[in-house]
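Worksheet: the structure to be examined is printed underneath.
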Amino acid sequence: MEIKKNLIIEGKHGKPIVADLFFDSEKKPKPVVIFCHGYKGFKDWGSWNLMAEWFARKGYFFVKFNFSHNGTTPDNPTEFLNIEAFGDNNYTKELDDLQSVIDYLLLPDFKYLEHLDVTDINLIGHSRGGGITIIKAAEEKRITNLITFASVSDFGSRFPKEKELEAWKKKGVQYITNTRTKQQLPHHFQFYTNFKENEERLNIQKAAKKLEIPHLIVHGSSDTSVSIADAGNLFEWSPTSKLLLVENADHVFGMKHPWDEEDFSKNFKYVLDNTLEFMETDDQDLIDAYGD
Numbered sequence: 199m200e201i202k203k204n205l206i207i208e209g210k211h212g213k214p215i216v217a218d219l220f221f222d223s224e225k226k227p228k229p230v231v232i233f234c235h236g237y238k239g240f241k242d243w244g245s246w247n248l249m250a251e252w253f254a255r256k257g258y259f260f261v262k263f264n265f266s267h268n269g270t271t272p273d274n275p276t277e278f279l280n281i282e283a284f285g286d287n288n289y290t291k292e293l294d295d296l297q298s299v300i301d302y303l304l305l306p307d308f309k310y311l312e313h314l315d316v317t318d319i320n321l322i323g324h325s326r327g328g329g330i331t332i333i334k335a336a337e338e339k340r341i342t343n344l345i346t347f348a349s350v351s352d353f354g355s356r357f358p359k360e361k362e363l364e365a366w367k368k369k370g371v372q373y374i375t376n377t378r379t380k381q382q383l384p385h386h387f388q389f390y391t392n393f394k395e396n397e398e399r400l401n402i403q404k405a406a407k408k409l410e411i412p413h414l415i416v417h418g419s420s421d422t423s424v425s426i427a428d429a430g431n432l433f434e435w436s437p438t439s440k441l442l443l444v445e446n447a448d449h450v451f452g453m454k455h456p457w458d459e460e461d462f463s464k465n466f467k468y469v470l471d472n473t474l475e476f477m478e479t480d481d482q483d484l485i486d487a488y489g490d
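Count along the sequence shown from 1, then add 198; that gives the number in this note's numbering.
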């Protein structure tokens, strides 16, 4: 297996996108999987590396990356050492980062292009990254399958309201505690103004309804971070969608960081097995089975 860690992809917003590639060394075209982490997440969280190796062994070219403004750095891709970058992050930057990754992989001079089946590109997004992948899949016609893990169905409702919003505007910054590291991570008010300026584009409902590809919606029944109702919304909106509810699973399907086990949690192994089956089913069969 070939593993290329911490490659630098130039982003559109002055900070690099740090990416990993996992693939079998046999020189033949492989379907592509691009994975997007969630809020306060990073590409090496929990068992994401184990997941990447698992997909590579199944014959996929697996790509995962850190969003350019997620707070990590190329030298420390697992630590939130650049908290100002975290504060400057927003949804449109994440959409641009994902587009930069897609474009990078499909460049005619991409070093590993002979390993890619460019007609089979799958997006997987976790939590907030799920919302990003839904919007991008509606915009980017080269995507062939979409899988969302514990995805949000609306960005706007997650912002503070009224007095709390006014206080944020007046102060210019609000802080969120990273429960794992106990860091106080900033959100500058630009996060909200950027959303309002791009509200039409950042409407997940609108994007989901425009999807023309199969969409697997995975959600844990005991998720306390993103309501199971979000999964129901996405299932209602996505024209060709399959809903996979994981009984008693939490927001991360039984994983944690760091993940020192040799195998996945039972719930996440169930998720991956179903994801693989979904991706390996002929698209027309999926449309026939799950389309409106």
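Cβ atoms here follow ideal geometry from the backbone N, Cα and C, with glycine treated the same way.
Item, Value
"Touch test, the stretch 328–347 against the stretch 391–408, Cβ-Cβ under 8 Å, three pairs minimum", "yes"
"Inter-residue spacing [alpha-carbon to alpha-carbon] between T331 and G209", "17 Å"
"Simplified DSSP assignment, three categories, for D242", "coil"
"CA-to-CA distance, D273 to S325, given in whole angstroms", "25 Å"
"For F259, the residue or residues it bridges with in DSSP", "V230"
"Cβ-Cβ separation, I341 to L321 (assumed contact under 8 Å), whole Å", "5 Å"
"Residues near N431 in its chain [Cβ-Cβ closer than 6 Å; skip 5 each side]", "S351"
"Which residues DSSP lists as bridging T271, in chain order", "DSSP lists no partner for T271."
"Contact under 8 Å by Cβ, I232 with V261", "yes"
"Span separating the alpha-carbon of N204 from that of H267", "15 Å"
"Sub-8 Å separation of L304 and V316 beta-carbons", "yes"
"Terminal residues of the beta strand (DSSP E) in which G430 lies", "No beta strand (DSSP E) contains G430, which is instead part of the alpha helix (DSSP H) from I426 to W435."
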